[in-house]
Each structure stands twice: as structure tokens, then as C-alpha cells.
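For the sequence shown, the positions run 0 to 264 when numbering that gives the first Met the number 0 is used.
All C-beta atoms, glycine included, are put in the ideal place defined by N, C-alpha and C.
Contents: one structure, followed by commentary.
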Amino acid sequence: MLSTIRTEIRSDTTGQVSREPQPPARHSRQPVSFRSVEREELVVAGSMGVRGLISEVRGRTHEETVRLLGEGVQSLRADGVRRAHILVDPADLLARAAEEVGFRYCPGETLLRRELDDLPEPARGCSNTLSVRDGDAEDLARIGLTLSKVSTLEFKGWELLLIRQELRRPDRFFKVLEANGDIVGASIGGSFGEQGTISHTWVAPSSRNQGFGEALSTASLEALYAAGARNVYLMTTSGNDRATRFWQRQGFQERADVSFMEIDL
Ligand SMILES: CC(C)(COP(=O)(O)OP(=O)(O)OC[C@H]1O[C@@H](n2cnc3c(N)ncnc32)[C@H](O)[C@@H]1OP(=O)(O)O)[C@@H](O)C(=O)NCCC(=O)NCCS
0 MLSTIRTEIR SDTTGQVSRE PQPPARHSRQ PVSFRSVERE ELVVAGSMGV RGLISEVRGR
60 THEETVRLLG EGVQSLRADG VRRAHILVDP ADLLARAAEE VGFRYCPGET LLRRELDDLP
120 EPARGCSNTL SVRDGDAEDL ARIGLTLSKV STLEFKGWEL LLIRQELRRP DRFFKVLEAN
180 GDIVGASIGG SFGEQGTISH TWVAPSSRNQ GFGEALSTAS LEALYAAGAR NVYLMTTSGN
240 DRATRFWQRQ GFQERADVSF MEIDL
């Protein structure tokens with residue numbers, strides 16, 4: 000099945016697909032889109048940060064939709080991601096098809112969204128001893144273990160491997176926050192066409208409540224904006240009121256009209 004997809008894949012960051020040969024994608028490995036013009040079916044899938052996203056599915060029947068979702072999931076697995084997401088309206092048939100493929104709702108999680116029509120306002124709480132920069136492999140080695148121990152992050156070992164493999168992908172960002180030579184924060188995320196996500200943001204406990212988180216959020220949003228993201232989603236786990244409040248202050252609002260489903264690949 001995968002080889003069938005691969006023969007018809009068109010890389011296209013806008014999510015628009017065509018039978019015509021496409022110009023090289025801006026982010027060469029980013030989206031994997033598939034369309035059969037004859038059957039008017041479509042699935043658009045790609046990695047968004049360190050997770051996969053199925054951003055569009057169009058099948059005429061339930062069976063077709065299930066098959067297309069399965070194909071999208073397979074192409075994401077081949078791309079190296081180990082967890083994928085899809086946004087659904089629970090009342091919609093797509094939600095039922097996604098469940099059939101193995102996607103599950105995440106009841107304890109809150110979905111937040113922010114539009115990104117413009118660059119974010121500069122962060123206020125920065126000091127001259129603080130800098131946010133792109134992280135490298137050495138930084139990952141320094142903070143990977145720390146991140147994996149923060150329970151609210153649910154940061155997985157395979158995410159670390161993924162980031163390390165392709166640190167300079169333009170559709171992905173890894174920012175570190177340095178104060179007096181120490182790494183005291185990090186942020187990881189990425190985009191898929193106009194969709195963007197901030198997968199993980201962390202500030203060391205002793206450095207919190209000084210505006211460092213805001214500095215990381217601003218740098219993350221700037222990176223997403225530069226990559227073309229205009230719609231940014233993120234999740235907070237239930238009970239993490241500090242994080243939810245923090246993101247609301249960064250312009251995110253709870254999105255209750257759609258639900259978020261995920262699948263482990
Ligand atoms: C969420 C998190 C990243 C916030 O980092 P932070 O550096 O404390 O963030 P900020 O300092 O920018 O903002 C935190 C609070 O401090 C306040 N603050 C900022 N600068 C301040 C200052 N100079 N003086 C006093 N208070 C200040 C802000 O108003 C904000 O208030 P809020 O709690 O009402 O939002 C951090 O708590 C964290 O790493 N948590 C664990 C990991 C986690 O859960 N991440 C989120 C997963 S979705």
C-alpha cells in the first residue's frame with residue numbers, strides 16, 4: 000500500500016495537490032500528500048514538530064476515508080514520527096473513521112489555539128544576561144534527560160532522537176534559553192504548511208516567573224511565523240493550570256469546538 004502512495008505523492012507545503020509535477024517543496028521532507036484525481040480522494044499528512052499530523056482527508060465514503068487515513072498514518076510512520084494527531088469535530092464522520100484506524104481522544108488534555116497573522120510582540124521580561132538561541136546537538140545532550148523527567152511535558156526518548164537526526168529542518172525548531180552560560184529553558188515545535196505547534200516548553204524551576212517562558216514563547220512563535228505557520232495549536236495536560244494560564248497570556252485560547260485525537264505509530 001505504501002508503495003502506491005509513494006508513487007502518487009506530491010510534496011506541497013500549502014496542502015494543495017495536483018497531478019502536475021510540482022516545484023521542489025520549500026521543506027523537502029515535510030508534507031506527504033496524496034490524491035487520486037479520478038476518485039476525488041485526498042489525504043494530506045506530514046510531520047509537525049516532532050509529531051505527525053493528518054491535516055486533511057477527503058473520501059467519498061466511510062471505507063474510503065478509513066483507507067486514506069491508514070495510508071496517511073503509514074506515510075508518517077515511514078517519515079520517522081511515532082505519534083500522530085488529527086483534529087476532528089466529534090460529531091463528524093471523520094471522527095468515527097479516525098477511531099476505526101486507531102486514533103483515540105485525549106480526554107485529559109486541553110487544546111489551545113492562536114492565530115499568527117503577524118509576528119508576535121517582543122517579549123517583555125528579557126534581561127541582558129538572558130538569550131534565546133537555536134539549540135544544537137550538544138544542548139540536546141545536556142538537557143534531554145532533564146526534559147524527559149518533567150512529567151507535565153511527556154517528552155519521549157524518540158522525540159529526542161528525531162530532533163537530533165535533523166536539527167536544522169526549517170519546519171522544526173529547537174530553542175534554548177541561556178542565562179549566565181547555563182541552559183535554563185527549552186522549546187520544541189514545528190509547522191506543517193499553515194499549521195504550527197509548540198510541542199514542549201520548559202523553564203527550570205529556579206528560573207520561573209521572571210518572563211523567561213514568555214521569551215521562549217515569543218522565539219517559538221517567531222520561528223513558526225518565519226516557517227509560514229499562521230495557526231498554532233498546543234496541548235496542556237489537565238491540572239497543569241499554570242501552563243494553561245501561561246499560554247492564555249501568550250494569546251492562546253481554548254478551542255472547544257474541535258477535538259484532538261492521537262495515535263501511537
Ligand atoms: C509553563 C512554564 C514554561 C512557564 O515558564 P515561566 O518562565 O515561569 O513563564 P513566565 O515567567 O513568562 O510567566 C509565568 C508567570 O510569571 C509572571 N511573571 C513574569 N515575569 C515576572 C516578573 N518579572 N515578576 C513577577 N512575575 C512575573 C507572569 O505574569 C506569569 O504569570 P501567570 O502564571 O499568571 O501566567 C513553566 O512553568 C514550566 O516550565 N513548567 C513545567 C513544564 C510545563 O508544564 N510546560 C508547559 C507544557 S504545555
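Per DSSP, the bridge partner or partners of residue i
{"i": "residue 84", "result": "52 and 261"}
{"i": "residue 217", "result": "BP columns for residue 217 are empty, so no partner."}
{"i": "residue 233", "result": "111"}
{"i": "residue 269", "result": "Residue 269 falls outside the range modelled here, since the chain spans only 0 to 264, and no answer is possible."}
{"i": "residue 253", "result": "111"}
{"i": "residue 153", "result": "Beta-bridge pairing links residue 153 to no other residue."}
{"i": "residue 147", "result": "Paired residue(s): none; residue 147 is not in a bridge."}
{"i": "residue 92", "result": "Paired residue(s): none; residue 92 is not in a bridge."}
{"i": "residue 129", "result": "178"}
{"i": "residue 46", "result": "51"}
Beta-carbon separation (whole angstroms), residue i vs residue j, contact threshold 8 Å
{"i": "residue 111", "j": "residue 64", "result": "Rounded, the Cβ-Cβ distance is 27 Å, inconsistent with contact."}
{"i": "residue 249", "j": "residue 216", "result": "5 Å"}
{"i": "residue 197", "j": "residue 188", "result": "4 Å"}
{"i": "residue 123", "j": "residue 213", "result": "7 Å"}
{"i": "residue 191", "j": "residue 54", "result": "6 Å"}
{"i": "residue 228", "j": "residue 118", "result": "The pair is not a contact, with the Cβ atoms about 12 Å apart (cut-off 8 Å)."}
{"i": "residue 129", "j": "residue 178", "result": "5 Å"}
{"i": "residue 154", "j": "residue 262", "result": "18 Å between Cβ atoms; not a contact."}
{"i": "residue 151", "j": "residue 208", "result": "That belief does not hold up - the Cβ atoms of residue 151 and residue 208 are roughly 16 Å apart, past 8 Å."}
{"i": "residue 41", "j": "residue 59", "result": "Not quite, the Cβ-Cβ distance comes to about 11 Å (not below 8 Å), so this is no contact."}
{"i": "residue 72", "j": "residue 264", "result": "6 Å"}
{"i": "residue 166", "j": "residue 136", "result": "6 Å"}
{"i": "residue 265", "j": "residue 235", "result": "This structure cannot speak to residue 265, because the chain is shown only from 0 to 264."}
{"i": "residue 138", "j": "residue 182", "result": "6 Å"}
{"i": "residue 107", "j": "residue 237", "result": "4 Å"}
{"i": "residue 170", "j": "residue 226", "result": "6 Å"}
{"i": "residue 195", "j": "residue 149", "result": "With 8 Å as the limit, residue 195 and residue 149 do not qualify as a contact, their Cβ atoms being about 22 Å apart."}
**OP:** Mind listing which residues have their beta carbon within less than 6 Å of any non-hydrogen atom of ligand 1? Chain order is fine.
**Re:** 124, 149, 151, 152, 200, 201, 202, 207, 208, 209, 210, 211, 212, 213, 235, 239, 241, 242, 244, 245 and 248
Subject >> Length at least 3, wholly inside the segment 158 to 207: the beta strand (DSSP E) runs in chain order >> reply: 171 to 178, 181 to 191 and 194 to 202
Original post:
How about the segment 256 to 263 and the segment 78 to 91: do they share at least three Cβ pairs that are nearer than 8 Å?
Top reply: yes
**OP:** Flag this pair as touching only if the segment 74 to 82 and the segment 48 to 57 have three or more C-beta atom pairs under 8 Å; answer yes or no.
**Re:** yes
**OP:** Indicate whether the contact test is met: 3 or more Cβ pairs, each with one atom in the segment 66 to 76 and one in the segment 218 to 228, closer than 8 Å.
**Re:** no
Original post:
Three or more C-beta pairs closer than 8 Å, one from the segment 155 to 169 and one from the segment 239 to 248: is that the case here?
Top reply: no
**OP:** May I ask you to verify whether the segment 174 to 181 touches the segment 199 to 212, counting CB pairs closer than 8 Å and requiring at least 3?
**Re:** yes
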